[in-house]
Each structure stands twice: as C-alpha cells, then as structure tokens.
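Protein chains in written order, with the working numbering: chain A, 1 to 148; chain B, 1001 to 1148; chain C, 2001 to 2148. Glycine included, C-beta positions come from ideal geometry on N, C-alpha and C. Shown next, in structure tokens, is the structure this report addresses.
Structure (structure tokens):
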C-alpha cells in the first residue's frame, strides 16, 4: 500500500543498509496495524547529473516520494505521522550528511490490487488475517466483478 | 493520458514481450474510446536489492503504478475497470510466477499537455479525430492562452 | 516542492544541457516567488524498449511528470501556468525534434518535509526568508510535534 521511492546517490547504501532502511519503514506501518507485505520500497541509485536541486546538480541528496493507498489520514494525524517518518529517515540520512526532502501523496483505495485481489477494508478482520499470515489470500468479495 | 510504470525484474521481459504487454494495455484504453497514442508505458528493470516488499528484497515481483489523466472514473466503474486491468496484467505475470501489485492515481486533466496542446474533452468530436488519426493535431482553443 | 521527472532518450541531453533545462524550470517557480531549492528535477535516461507510446517503442520522445506540493493552483491559473511550462519545455524538445507529453499532479502540502522541517506557508514571511537564503532553516513551529 505505501509505495516508497528512495532516490539516493549511487553506492550510498549497501544492500544490507537498504534492507535495514526498508525494514524500518515497514515497521512504521506494521505498528499502525498494516500487513507487512503491503509496504513496497524501491531504491533508485542516481548517477551524477541526474538530480538537480534549485538548478544545481545535487550529489549528496536523498529525495523520497511516497504513495499512500490503504489509509487516508485525517488532518489531525498528519503531524503525528510526519514526526514518525522523519525520525526513521533521519536515522539513515544524517549519518551520511545527506540533505533530503520527502513528500506523500494519497491515492484512491478502490483502484488498488494485490495479486488481482481487492485488498480488504482497513482494520477489518480480513486485513488482520492478511497481516497475521503476511500474505494476500482469497476471500469472499475479494475479486473484482466482471460487469455485465 | 494513462502513464503506466511497470517495475519488473531485470531481464524478465524481452523487448517483444514488452511490446505485447504495452499493446495489450493500449487496447484496454482504445476499447474505451481513447486515442492509442494517449497510452504511455514505461518499463523499469530492477536489479537485485532495488525492491523490498515487507522489508525483504523481492526479485520475483512486478510492481505497477499508473496515473490516469484523461478520464476520471465514477466509483460505479471501478470494479469494471479493475477487472479488465487485472486480466491483462495476469496474462503477463502469472506465466512467470511473479507476485504483483498495482495501483492507479487520478490527476487533474487541465494540467496535462501533449506537444504543447491542450488535449480535447473526453469523448468530444476532436478527441475522436485525434483517435482516428492517432496523433495530436492543432485545433481551435487547443493552445494554452498567455495571460495578460 | 515541485518534483519534475524528465524521461528522455539516453544521451539526448548532455550534462550542461540538463543543467540549463533544470535552471529554466527553477526560474519558472522562482519568478512565482518560491525558494529555488524547492525545485527538484530528476532526469531519467531511457534505453530503447523502455518507453512505449500507443503500444510502439518510442525512442524520440520526452515524457515529463510533475508533482506540485507547495502551491495548489486555482482553476483560473491553469492556463497561465501551462502556457509558461510549455514554453520552457518546448525550448528544450523542439530543437531535437522530440515528441513530448507532460502532466502535473498536486499532492497534500502537510505531508511534505525538507530536512525534517515543515515548510512554511506559501507566501509567508518565513518562506520569503527561506527564498532569500535559498535554504531551509529552523523556525518556531517548523518541526512536526510528537503526539502524546
């Protein structure tokens, strides 16, 4: 459900660090009750002259953008969430003295599928089952109906 | 108008397969009346340790995300559309035993241009002309006015 | 705040051209009052068989997609803005006879951070200070509060 894109300088994160970063992100959502396998993180390594900030080539910069799908936050939750997100990201960019920027978009939940299944309602019993099994299993009403 | 991003393992799809996949996607929209050249598909091949699902490196996974621009669906159409999309995608991921996930966002039509032209209203006569010619041709009202 | 993604054929733009392109984009926003460092541009070079338009491999095509964060335009401003954007893009794609397409999405400002700081309100005194210094500096209320 959340799809994180992390643009980082080429070679900035070794595979083991990427995994730790992805695990820390996954834990953020798991603690909020989401199945772990909902969390996708794509790392894109940027060569020099791929990223420009303010018109200047930026080679010590991490740019992150995220799509949220499974949950739509209430405005009252924004700060709470951004605080958590910043803490996780800071732990991985500050030690390397990277500058960074991040933004989140929210996209419509009904236009989302995992393995061709319709993910269950947030917080529902079926979602809890998916979380416990950490995989998408068929359920009644879980397929998209062919229209007539 | 729709921009599809397909993240697939490096080498998973040969050029001829990519073309068949892109053609199948294009046909989905063409059958709904859209000009074929509206449909863009970008394939991104992922090396190992670029994609993490639930905190684990995933190398047999296809992650697709899509922007819809030219049409905003009614909620009543969601299932109909997702059913069609899943059928097309399944045909290309199941034979390879890939797991997959896909989501669609909808973006504002007035903030869209092809070749500097404003694409015509959905279903309009001019759109039908664009579809028939399969290219964007100038028309009255088709440029963005310079403000004074 | 705006994050531009520019997909162009591999080798189409030399580093110096990319920089001029990024500077022209940055100036668009700077003239509208935004701090220059708000503007991120990512160039992605596409190999053959990465981009398909209407089901056909497209190797003389520039596809641009943009997220706007710091400002949400009024519909009355759309044309004015698209006119400006097209002018800048045309200057870089027409000389190379590339076809092109571009679209913009708008994402929620409260779900955005630079260096862990909450960017100040658009047009505020603090934003003007950030613009003058061309960097994000801490200010009162500029951090995301930990919830209790």
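What is the DSSP secondary structure of residue i, counted as helix, strand or coil?
i                       : result
residue 2037 of chain C : helix
residue 22 of chain A   : helix
residue 92 of chain A   : helix
residue 2047 of chain C : coil
residue 2131 of chain C : helix
residue 56 of chain A   : strand
residue 1082 of chain B : helix
residue 2136 of chain C : coil
residue 2017 of chain C : helix
residue 1125 of chain B : helix
Starting from the beta carbon of residue i, find every residue of chain C whose beta carbon is closer than 7 Å, and list them in chain order.
i                       : result
residue 1145 of chain B : 2079 and 2083
residue 54 of chain A   : 2026, 2036, 2037, 2039 and 2134
Kindly list, in the order they appear in chain B, the residues whose Cβ is closer than 7 Å to that of residue i.
i                       : result
residue 2099 of chain C : 1115
residue 22 of chain A   : 1052 and 1055
residue 2095 of chain C : Result: empty, since nearest Cβ-Cβ is about 14 Å, beyond 7 Å.
Which residues does DSSP pair with residue i in a beta bridge?
i                       : result
residue 1100 of chain B : B:1062
residue 108 of chain A  : Residue 108 of chain A pairs with nothing; no bridge assigned.
residue 1009 of chain B : B:1046
residue 2028 of chain C : In the DSSP output, where bridge partners are listed per residue, residue 2028 of chain C has none listed.
residue 113 of chain A  : B:1102
residue 1004 of chain B : B:1041 and B:1066
residue 1143 of chain B : B:1117
Using the C-alpha atoms, what's the distance from residue j back to residue i?
i                       : j                       : result
residue 1060 of chain B : residue 1009 of chain B : 6 Å
residue 2053 of chain C : residue 1037 of chain B : 6 Å
residue 34 of chain A   : residue 1139 of chain B : 49 Å
residue 1112 of chain B : residue 47 of chain A   : 29 Å
residue 77 of chain A   : residue 134 of chain A  : 26 Å
residue 1121 of chain B : residue 1130 of chain B : 11 Å
residue 23 of chain A   : residue 1069 of chain B : 33 Å
residue 2027 of chain C : residue 1027 of chain B : 40 Å
residue 1045 of chain B : residue 11 of chain A   : 18 Å
residue 1108 of chain B : residue 1067 of chain B : 10 Å
residue 1079 of chain B : residue 144 of chain A  : 5 Å
residue 104 of chain A  : residue 1072 of chain B : 21 Å
residue 1128 of chain B : residue 136 of chain A  : 41 Å
residue 97 of chain A   : residue 16 of chain A   : 19 Å
residue 32 of chain A   : residue 132 of chain A  : 14 Å
residue 1090 of chain B : residue 126 of chain A  : 23 Å
residue 2058 of chain C : residue 1058 of chain B : 29 Å
Quick one: list the residues of chain C neighbouring residue i, beta-carbon separation under 9 Å, in chain order.
i                       : result
residue 1019 of chain B : 2049, 2052, 2055, 2056 and 2057
residue 72 of chain A   : Chain C residues near residue 72 of chain A: none, gap ~10 Å exceeds 9 Å.
residue 65 of chain A   : 2003, 2067 and 2107
Can you pull the chain A neighbours of residue i, defined as C-beta to C-beta under 9 Å?
i                       : result
residue 1106 of chain B : 107, 108 and 111
Could you work out which residue in the options is closest to residue i when comparing CA atoms only?
i                       : options                           : result
residue 83 of chain A   : C:2146, C:2015, C:2006 and C:2004 : C:2146
residue 2124 of chain C : C:2116, C:2142 and C:2115         : C:2142
residue 2114 of chain C : A:101, A:7 and A:118              : A:101
residue 1081 of chain B : A:121, A:134, A:67 and A:116      : A:116
residue 118 of chain A  : B:1044, B:1106, B:1086 and B:1016 : B:1086
residue 1056 of chain B : A:105, A:71 and A:40              : A:40
residue 2094 of chain C : C:2021, C:2003, C:2005 and C:2002 : C:2021
residue 2005 of chain C : C:2042, C:2032, C:2019 and C:2015 : C:2042
residue 1063 of chain B : A:109, A:1 and A:18               : A:1
residue 1075 of chain B : A:99, A:13, A:71 and A:110        : A:110
residue 1003 of chain B : B:1051, B:1106 and B:1031         : B:1106
residue 7 of chain A    : A:132, A:137, A:99 and A:32       : A:99
residue 14 of chain A   : A:137, A:92 and A:29              : A:92
residue 1018 of chain B : C:2017, C:2050, C:2019 and C:2016 : C:2050
residue 29 of chain A   : A:16, A:88 and A:65               : A:88
residue 2065 of chain C : C:2097, C:2096, C:2031 and C:2025 : C:2025
Just to make sure I have the definition right: I need the residues of chain B whose C-beta is within less than 8 Å of the C-beta of residue i. Which are they?
i                     : result
residue 69 of chain A : 1103
Starting from the beta carbon of residue i, find every residue of chain C whose beta carbon is closer than 8 Å, and list them in chain order.
i                    : result
residue 7 of chain A : 2042
Under 9 Å Cβ-Cβ, which residues of chain B neighbour residue i?
i                     : result
residue 15 of chain A : 1048, 1049 and 1057
Whose Cβ in chain A lies nearer than 8 Å to the Cβ of residue i?
i                       : result
residue 1075 of chain B : 110
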